[in-house]
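Quick note, the sequences are listed as chains W and C, same order. Sequential numbering from 1 applies to the first sequence in the UniProt record's numbering. Sequential numbering from 1 applies to the second sequence in the UniProt record's numbering. Heads up, the beta-carbon is just placed ideally off N, CA and C, and yes, glycines get one too.
There are 2 protein chains.
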Amino acid sequence: MKIGVLGFGNVASATVQKFMSNRDLIASKTDVQMQIVKVATRTAARAEGQVPEGCEIVTDCWAVVDDPTIDVVIELIGGTDIARDLVMRAIANKKHIITANKALLAHHGEAIFELADQMGVCVLFEGAVAVSIPIIKTLKESVAASRVTSLIGILNGTSNYILSQMSQHGASFDEALAQAQQKGYAEADPTLDVNGEDAAHKITLLSSLAFGVPVDFSAVDFKGVTEVEAVDIAAAARLGYQLKLIAQTQLQGDEVWVSVAPALVPNASMLAHVNGSMNGIALTGDLFGSAFLYGSGAGGVQTASAVLADLIDLAQGSRGGCYVGLPNMGFKRSAIKTRPYLAADARQSRFYFRMRVEDKVGVLAEVSSIFARANVSVSTIFQDEGEGDLADIIITTHGISTGQVQKVMPALQASAASGHGIVIYPALDE
Amino acid sequence: MKIGVLGFGNVASATVQKFMSNRDLIASKTDVQMQIVKVATRTAARAEGQVPEGCEIVTDCWAVVDDPTIDVVIELIGGTDIARDLVMRAIANKKHIITANKALLAHHGEAIFELADQMGVCVLFEGAVAVSIPIIKTLKESVAASRVTSLIGILNGTSNYILSQMSQHGASFDEALAQAQQKGYAEADPTLDVNGEDAAHKITLLSSLAFGVPVDFSAVDFKGVTEVEAVDIAAAARLGYQLKLIAQTQLQGDEVWVSVAPALVPNASMLAHVNGSMNGIALTGDLFGSAFLYGSGAGGVQTASAVLADLIDLAQGSRGGCYVGLPNMGFKRSAIKTRPYLAADARQSRFYFRMRVEDKVGVLAEVSSIFARANVSVSTIFQDEGEGDLADIIITTHGISTGQVQKVMPALQASAASGHGIVIYPALDE
């Protein structure tokens, strides 16, 4: 099995290095001979002496995807445009693909997986989501006989680190972000992490694997952590919750919804214990019941572990000359649902409302009656001192639809609760 | 693919029933036609009307394992003697095996896996350990490129339920066991659960998968929860620990050790949050770093989920007419280490000592000096009121060898610390 690697950044260099240093271990798992024959990188000098004997260093990625001797292309250059063109060409050339590029797959997955199924090749991507958690394989294989009903994840380590610092050490958002950058948990440009988009890429893929729906990034609505305030973290804690950036996909009736947003997580759940830059995923299904998986979400060496495990999977599949395995997205292409998504206002959830109000008699009663008139069942309510002459009224509801939330809003905005801001977060069930 | 099922108890009937009720889902994952053609059970009447159309109910298990039309035998009768004979015969007849029988594999796994490798068939057993946690597949496949360094698990739901009830609700051992039996978490005869043997069966298999050592039940020393006292649960809590029944296997240098014993688990670890009848497993390795997996450890339907996932794995492997996949125990037979175990007294761990002493001047000093003379580095020490005129001295150590513990003992037994009992538990690192 001859392998070509695209890119020689953090993940790619770790992959090549660990392929060499764990060579004996890998050979103890499979008889298939694996050989990295080409590495493509713009900065060839960086790769000099860092690749296996006999491996050619080239600067042209096309020389890898068009090389007729190569069986497997490991794409680690990142980005969505050139990466797509290279991966599509490699598949057209009947090469198997291993990638850790969640953005590529979230945006172009449908085209990629369709062509791969047509050409009879595998596209493996365990390294694309929550690298130290084997969630791709778990969804495709371990729960293959179960109907998954929900998947709730903390999938962005940068955001989780920021919220943990704010919650545990009283840091401000800006301080926490600066610390994340200093520790290497956040990029110089952290936009995709803190605005929820990275988590949205990942939940797009997991939703597709869990429910057999198309890979459709536009089906996710996402919101990040940039507007989270300390007061809500504290109020959540008082109610027995942690505020986390939650990526979730749920089956409601026969329809699916997918979202990324800050949400209240009950302390009794394992997700509440996912702190710092770690990732965690809670999964439920009809047969296995519930499971929770936890591990690092990023890191060059950790991602290399997932990429090399995919490589061993491929090698084993090639033994005997036939590539086998479940379909690339778990479900057969003919079984993928075509109109699977629930209307946004029909989504059921519990909700947290915080309304900053003038601290005067009658406001609490007025706000309560708005919820009552809208037929929203309130779970807890309390009023707290806010800043200056203001107070915070905090309400958690029982399960209601997003549509009901939207119906409460005009009345709240016309009431004493308006003017100083209304904050709303979903709250997960116990 | 034609399937025969041995047994029709709790797990087998759930497996057959869910095979039927999730038929459409399973068909959406694979094109391979699967058919349960025979179920063998002594109480044929129970299975009447509960099996798929065209499935024959027989009372003779040999009629399944010797049936030349059957490709896969699902063994769910339990026990180690008849089950071994049936499984060995089925393998000799070139049938693939799926089993959830941890006792069978812990005791006879070497013979079974050796014959299976020789005959070129698969023995799959995801249902044998922590059923809702995909730990078998994770070890064989997801971390295949990583050198595993430790696996620490809560693998027996009955014991964990008992310790949780004692810790959270102040129940006595007997009360907690009675509650476990009432809730169906414990068998009428709970011996194998509470004496640590069931967890030992499971860690035997996981150690072999993690480190490529033989399946050798005799290499595990195990101790259960029957002697755990409330006073140690309380003292552990005061020190920031939970007392849990811990099954662990560690790589120390190039050697492996495997044990089951009550141990102190730091509150900061995910394992400390595994309560009630749930299972959890913390895994570390050179590339992926650390991961933690959590889920149900038992239950008919949950086990059926694992058994049916193994079946889908087999079906996919059979596509194209060649069975592939990693070796049955992850490592190739030629790579399995032959003398892999560390001497018991060389094992390194932190330890918790509780000594019940006469409450008089000088005892604490005497005990401290014994530890100092034995060169055992003490981490924390405190004295607490015991029963009547007695006091409890509680010491936790830094990492020491089991041999050093054994050296401290004669001096302690000759001191004021003797006579009222000395309790020792290992303590996991933060």
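Selection from the options that minimises the alpha carbon distance to residue i
{"i": "residue 419 of chain C", "options": "C:317, C:427, C:409, C:425", "result": "C:409"}
{"i": "residue 258 of chain C", "options": "C:301, C:295, C:204", "result": "C:204"}
{"i": "residue 92 of chain W", "options": "W:103, W:169, W:62", "result": "W:62"}
{"i": "residue 386 of chain C", "options": "C:417, C:263, C:246", "result": "C:417"}
{"i": "residue 154 of chain W", "options": "W:274, W:421, W:429", "result": "W:274"}
{"i": "residue 80 of chain W", "options": "W:188, W:111, W:53, W:179", "result": "W:111"}
{"i": "residue 101 of chain C", "options": "C:125, C:216, C:181, C:95", "result": "C:125"}
{"i": "residue 21 of chain W", "options": "W:182, W:40, W:52, W:38", "result": "W:52"}
{"i": "residue 447 of chain W", "options": "W:141, W:209, W:10, W:166", "result": "No answer is possible for residue 447 of chain W: it lies beyond the span of chain W, which begins at 1 and ends at 430."}
{"i": "residue 175 of chain C", "options": "C:229, C:213, C:37", "result": "C:229"}
{"i": "residue 197 of chain C", "options": "C:246, C:374, C:395, C:56", "result": "C:246"}
{"i": "residue 347 of chain W", "options": "W:253, W:330, W:85", "result": "W:253"}
{"i": "residue 374 of chain W", "options": "W:359, W:411, W:383, W:357", "result": "W:411"}
{"i": "residue 271 of chain W", "options": "W:292, W:380, W:28, W:304", "result": "W:292"}
{"i": "residue 58 of chain C", "options": "C:75, C:68, C:6", "result": "C:6"}
{"i": "residue 32 of chain W", "options": "W:38, W:218, W:23", "result": "W:23"}
{"i": "residue 314 of chain C", "options": "W:233, W:142, W:74, W:305", "result": "W:142"}
{"i": "residue 13 of chain W", "options": "W:60, W:302, W:183, W:28", "result": "W:302"}
{"i": "residue 10 of chain C", "options": "C:47, C:280, C:107, C:29", "result": "C:47"}
{"i": "residue 317 of chain C", "options": "C:72, C:37, C:130, C:218", "result": "C:72"}
DSSP-derived helix/strand/coil call for residue i
{"i": "residue 410 of chain W", "result": "helix"}
{"i": "residue 202 of chain C", "result": "helix"}
{"i": "residue 360 of chain W", "result": "coil"}
{"i": "residue 129 of chain C", "result": "coil"}
{"i": "residue 341 of chain C", "result": "strand"}
{"i": "residue 38 of chain C", "result": "strand"}
{"i": "residue 155 of chain C", "result": "coil"}
{"i": "residue 173 of chain W", "result": "helix"}
{"i": "residue 93 of chain C", "result": "coil"}
{"i": "residue 100 of chain W", "result": "coil"}
{"i": "residue 387 of chain C", "result": "coil"}
{"i": "residue 392 of chain W", "result": "strand"}
{"i": "residue 348 of chain W", "result": "strand"}
{"i": "residue 289 of chain C", "result": "strand"}
{"i": "residue 354 of chain C", "result": "strand"}
{"i": "residue 6 of chain W", "result": "strand"}
{"i": "residue 279 of chain C", "result": "strand"}
{"i": "residue 295 of chain C", "result": "strand"}
{"i": "residue 401 of chain W", "result": "strand"}
Close Cβ partners of residue i (< 7 Å) along its chain, the five nearest in sequence each way excluded
{"i": "residue 117 of chain W", "result": "327, 328, 333"}
{"i": "residue 406 of chain W", "result": "345"}
{"i": "residue 335 of chain C", "result": "212"}
Cβ-based neighbour list, residue i, same chain, cut-off 8 Å, excluding 5 preceding and 5 following
{"i": "residue 211 of chain W", "result": "148, 249, 251, 256, 337, 340"}
{"i": "residue 231 of chain C", "result": "354, 386, 392"}
{"i": "residue 226 of chain C", "result": "173, 194, 195"}
{"i": "residue 290 of chain C", "result": "282, 283, 284"}
{"i": "residue 359 of chain W", "result": "385, 386, 389, 390, 391"}
Residues near residue i by beta carbon distance below 6 Å, same chain, minus five either side
{"i": "residue 277 of chain C", "result": "157, 161, 185"}
{"i": "residue 361 of chain W", "result": "none"}
{"i": "residue 349 of chain W", "result": "426"}
{"i": "residue 200 of chain C", "result": "220, 222, 260"}
{"i": "residue 381 of chain C", "result": "395"}
{"i": "residue 295 of chain C", "result": "132, 133"}
{"i": "residue 267 of chain C", "result": "240"}
Residue i Cβ short of 7 Å to the ligand COA heavy atom set
{"i": "residue 210 of chain W", "result": "Among the components of this structure there are no ligands whatsoever, and the ligand COA is therefore not found."}
Using a Cβ-Cβ cut-off of less than 9 Å, list which residues of the stretch 146-164 of chain W approach chain C; keep chain order.
146, 147
Could you tell me which whole alpha helix (DSSP H) segments of length 4 or greater appear in the stretch 175-263 of chain C?
191-194, 197-211, 230-238
Any residues in the stretch 241-270 of chain C with a beta carbon nearer than 8 Å to a beta carbon of chain W? Which ones, in chain order?
270
Below 9 Å between beta carbons is the criterion; list the residues of the stretch 40-66 of chain W that meet it against any residue of chain C, in chain order.
none
For the stretch 25-36 of chain W, which residues have a beta carbon sitting closer than 9 Å to at least one beta carbon of chain C?
25, 26, 27, 28, 29, 30, 31
Any C-beta of chain W within less than 7 Å: which residues of the stretch 189-219 of chain C qualify?
Hits within the stretch, in order: 212.
Below 7 Å between beta carbons is the criterion; list the residues of the stretch 355-388 of chain C that meet it against any residue of chain W, in chain order.
none
Any residues in the stretch 121-137 of chain C with a beta carbon nearer than 8 Å to a beta carbon of chain W? Which ones, in chain order?
126, 131, 132, 133, 134, 137
Interface residues of the stretch 72-92 of chain W facing chain C [CB-CB below 7 Å]
none
Scan the stretch 96-113 of chain W for residues whose Cβ lies nearer than 9 Å to a Cβ of chain C and list them as they occur along the chain.
If the cut-off is 9 Å between Cβ atoms, the stretch 96-113 of chain W has nothing near chain C.
The stretch 275-304 of chain C: which residues have C-beta closer than 8 Å to a C-beta of chain W, in chain order?
285, 286, 287, 288, 289, 290, 291, 292, 293, 294, 295, 296, 299, 301, 302, 304
Taking a cut of 7 Å between CB atoms, which residues from the stretch 329-341 of chain C lie near chain W?
330, 331, 332, 335
Tell me which residues of the stretch 173-188 of chain W have at least one Cβ-Cβ distance to chain C shorter than 7 Å, keeping chain order.
Result list empty, no residue passes.
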